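Just below is one structure, and these are the notes that go with it.
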Amino acid sequence: MNELAIDSKDLTKTYGSIRAVGGINLTVPRGAIYGFLGRNGAGKTTTIKMLLGLARPTAGAARVFGMDVSAERMSILQRTAFVSEKKTLYPSLTPTELVRFSRGFYPTWSDSSVDKYARLLEIPMKQRFEKLSNGNQTKVWLLLALSQGADLLILDEPTTALDPLSVDQLLHVLAEDGLGRGCTIFFSSHQLEEVERIAEYVGVIERGNLLMESRLDDIKSEFRLITAAGNSLPSQTSPQILSVAVEGNFYRYVVTKDAEGFAAGLSQNGATITNIVPLSLREIFLQLVRREQ
Amino acid sequence: MYFWKCWRGTRVSFYVFLAIALTLAVLPWKIMDSAMRDLGPQQFFALAWMILVFASSGLLAIAGMSFGATGISEEFAHKTAGFLLTKPRSIRYFVWAGWAANALQFLTLTGTMVLVGASLLSWACHVQLTGRLLLTFVPGLIMTFLLFGMTYLLAILHKNGRNGFISSLGVVIVFPMICLAVQYFWHIHLPSPGDMYPVEMSQMVRHPELVAALPPLWPLVGWSLVAPACPLVAELVLEHTEL
Numbered sequence: 059m060n061e062l063a064i065d066s067k068d069l070t071k072t073y074g075s076i077r078a079v080g081g082i083n084l085t086v087p088r089g090a091i092y093g094f095l096g097r098n099g100a101g102k103t104t105t106i107k108m109l110l111g112l113a114r115p116t117a118g119a120a121r122v123f124g125m126d127v128s129a130e131r132m133s134i135l136q137r138t139a140f141v142s143e144k145k146t147l148y149p150s151l152t153p154t155e156l157v158r159f160s161r162g163f164y165p166t167w168s169d170s171s172v173d174k175y176a177r178l179l180e181i182p183m184k185q186r187f188e189k190l191s192n193g194n195q196t197k198v199w200l201l202l203a204l205s206q207g208a209d210l211l212i213l214d215e216p217t218t219a220l221d222p223l224s225v226d227q228l229l230h231v232l233a234e235d236g237l238g239r240g241c242t243i244f245f246s247s248h249q250l251e252e253v254e255r256i257a258e259y260v261g262v263i264e265r266g267n268l269l270m271e272s273r274l275d276d277i278k279s280e281f282r283l284i285t286a287a288g289n290s291l292p293s294q295t296s297p298q299i300l301s302v303a304v305e306g307n308f309y310r311y312v313v314t315k316d317a318e319g320f321a322a323g324l325s326q327n328g329a330t331i332t333n334i335v336p337l338s339l340r341e342i343f344l345q346l347v348r349r350e351q
Numbered sequence: 019m020y021f022w023k024c025w026r027g028t029r030v031s032f033y034v035f036l037a038i039a040l041t042l043a044v045l046p047w048k049i050m051d052s053a054m055r056d057l058g059p060q061q062f063f064a065l066a067w068m069i070l071v072f073a074s075s076g077l078l079a080i081a082g083m084s085f086g087a088t089g090i091s092e093e094f095a096h097k098t099a100g101f102l103l104t105k106p107r108s109i110r111y112f113v114w115a116g117w118a119a120n121a122l123q124f125l126t127l128t129g130t131m132v133l134v135g136a137s138l139l140s141w142a143c144h145v146q147l148t149g150r151l152l153l154t155f156v157p158g159l160i161m162t163f164l165l166f167g168m169t170y171l172l173a174i175l176h177k178n179g180r181n182g183f184i185s186s187l188g189v190v191i192v193f194p195m196i197c198l199a200v201q202y203f204w205h206i207h208l209p210s211p212g213d214m215y216p217v218e219m220s221q222m223v224r225h226p227e228l229v230a231a232l233p234p235l236w237p238l239v240g241w242s243l244v245a246p247a248c249p250l251v252a253e254l255v256l257e258h259t260e261l
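In order, the protein sequence lines correspond to chains R and H. What the first sequence shows, in the working numbering, is residues 59 to 351, in sequence order. What the second sequence shows, in the working numbering, is residues 19 to 261, in sequence order.
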């Protein structure tokens, strides 16, 4: 059995001369929560569209549960639930009617999940979709996705327009219920705190390039901000040095691995190490994106 | 499922068209009953039948274009295509489910108009309904399928029902003009859906008895093959469409 839920190889998408996704290699293990981070226009949605067969890759390939997204789209869609970035649905239908519509497509559909999430997320099920608030419209999408009994949830900006309480409820549902039944969750977001809270794996995309993909714990244990005082210290980036900021005699390094060894090297060059601190996901993300720019 | 959703989306239009269809089915003999009492029953029947055939053709044409502008094209216009096309069904399923849901509605309209209108006329004029008489509705029905299919295709090409409807209306207006121009200047007869009608409307007004004339076979066959080709092309177009 393939141990990867999503696996892409040089996945590329170009629109004319614009390279929306530039040959990314994603590896999402089964049963994991994967946060796909990137700024607006970084290529998150295009990547998701290719995974769902809504856009054809210009080059490269992607597999979902070992199935090729171009050749076995129907089988993939049967096991995949999707929440779109644009939370529009049929305006004249009520959530109850949307449930009725969606139910027939999936043999794994669960009406008890509908009842459960409708109650939990406090969705007015008898109100027409167009009359719902933005937050409730997002919740309807989530209700439909969660009730599908899918093996893979692909969520494109799932917390858009949700209030903090609803975000909290959603993250709880994803972390507890989703993982509880072995579901893989792949979600894109720029809400770094949300990703940090539930994701086990993180991928950072910028200008169509995957800058980093790793376990969140590994990232947090490896990345360090080192502040050193000294003269003529290294001021160039390298695979180990993500960024360097120089202020007078003070050098602030963001290092991606072996922070202790790097600090020891600086000490040998006469530097005084004043601080070694871990970085939050937000800081790491900003450093990565700035370097790419 | 998608069939139900399409029906759910067009049912109000359907009820409106049904009400108009019933009114038009009853009107010919009601109007003529009071206006043309001095006509003989045969002539009265022929005129009323002609009105019924043209009224049904007109209504069905409008209904066909109106229904053609709904369906999967509206999914793009309303930005719900991402939701729909991530359901585990093929493009073919969505194209033909939408087509079938709408086709069934105007078939129901046709059936209602023909059955109610023809039965009323037959009863009022004591004329027996024959298969030959009922065949007079066939060109109108095929024309409706053509307009429906063309609008359906154009709406998908535009990814917008309203634009599809406007384009279709443009074709309906411009195409006969082109045919007439080509005929007038170069004496070439372009195939046209109008060929399905046995006689021209002006002729029929002067000679109502021609209403029972048999429609020509080959134009009927040809255009009834073109009608389902439109959603087929729409399907091919959608297969290559990306969101």
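For glycine and all other residues, C-beta sits at the position ideal for the given N, C-alpha and C. Predicted, not measured: the structure shown is a model, and the values here were computed from it.
Of all residues in the segment 94-126 of chain R, only K107, L110, G111, L112, A113 and R114 place a beta-carbon less than 9 Å from a beta-carbon of chain H. Burial check for W117 of chain H: the Cβ neighbour count within 10 Å reaches 16 or more, so the residue is buried.
In the displayed model, R114 of chain R falls within coil according to three-state DSSP, outside both helix and strand. No Cβ of chain H is located within less than 7 Å of the beta carbon of K197 of chain R.
Cα atoms of A119 of chain H and P246 of chain H: separation of roughly 14 Å, rounded to the nearest angstrom. Between L211 of chain R and M270 of chain R, the gap from beta carbon to beta carbon reaches 7 Å or more. R161, G162, F163 and Y164: these are the residues of the segment 161-186 of chain R whose beta carbon lies less than 9 Å from some beta carbon of chain H, given in chain order. Taking 7 Å as the threshold, the shortest C-beta distance from F320 of chain R to chain H does not fall below it.
Between R349 of chain R and the set R:Q326, R:I263, R:E318 and R:Y309, the nearest pair of CA atoms involves R:I263.
Annotated three-state conformation of I181 of chain R is coil, per DSSP.
Ranked by Cα distance from R265 of chain R, the options R:G74, R:L62, R:G80 and R:A63 are led by R:G80. Distances from the CA of L156 of chain R to each of H:W114, H:K105, H:F124 and H:L171 were compared; the closest alpha carbon is that of H:K105. In this structure the segment 81-92 of chain R does not lie against the segment 222-231 of chain R, because fewer than three pairs of beta carbons, one per stretch, are closer than 8 Å.
When the beta-carbon positions are compared, M68 of chain H and F183 of chain H stay at least 7 Å from each other. Under a 10 Å Cβ-count criterion, K184 of chain R is classified as exposed, with fewer than 16 other Cβ atoms of the shown protein chains found around its own Cβ.
Looking from the CA of A66 of chain H, the closest CA among H:F94, H:A136 and H:G167 belongs to H:A136. Here F343 of chain R is near L95 of chain R, since their CB atoms are less than 7 Å apart. Within 9 Å of the CB of F343 of chain R, no CB atom of chain H is found; the nearest one sits about 26 Å away.
Residue range T330 to P336 is occupied by the beta strand (DSSP E) that includes N333 of chain R. Under DSSP, T218 of chain R forms no beta bridge with any residue. Within the model, the alpha-carbon separation for L337 of chain R versus Q195 of chain R is close to 35 Å. Contact annotation for T146 of chain R against chain H: H96, K97, T98, G100 and F101 [CB-CB distance below 9 Å, chain order]. With 16 or more neighbouring CB atoms inside 10 Å of its own CB, F159 of chain R falls in the buried class.
Distance between S171 of chain R and A121 of chain H, taken at the CA atoms: about 36 Å. By the criterion of a C-beta distance shorter than 7 Å, L109 of chain R is surrounded in its chain by I64, A120, V122, V127 and I212, once the five residues flanking it on both sides are discounted.
Rounded to whole angstroms, the gap between the alpha carbons of G93 of chain R and E234 of chain R is 16 Å. In the DSSP annotation of this structure, the continuous segment of the beta strand (DSSP E) that includes K71 of chain R starts and ends at L62 to Y73.
Considering only R:V260, R:L178 and R:K189, the residue with the shortest C-alpha distance to L223 of chain R is R:L178. D126 of chain R carries a strand assignment under DSSP once its states are collapsed to helix, strand and coil.
It is roughly 15 Å from the alpha-carbon of T314 of chain R to the alpha-carbon of A303 of chain R.
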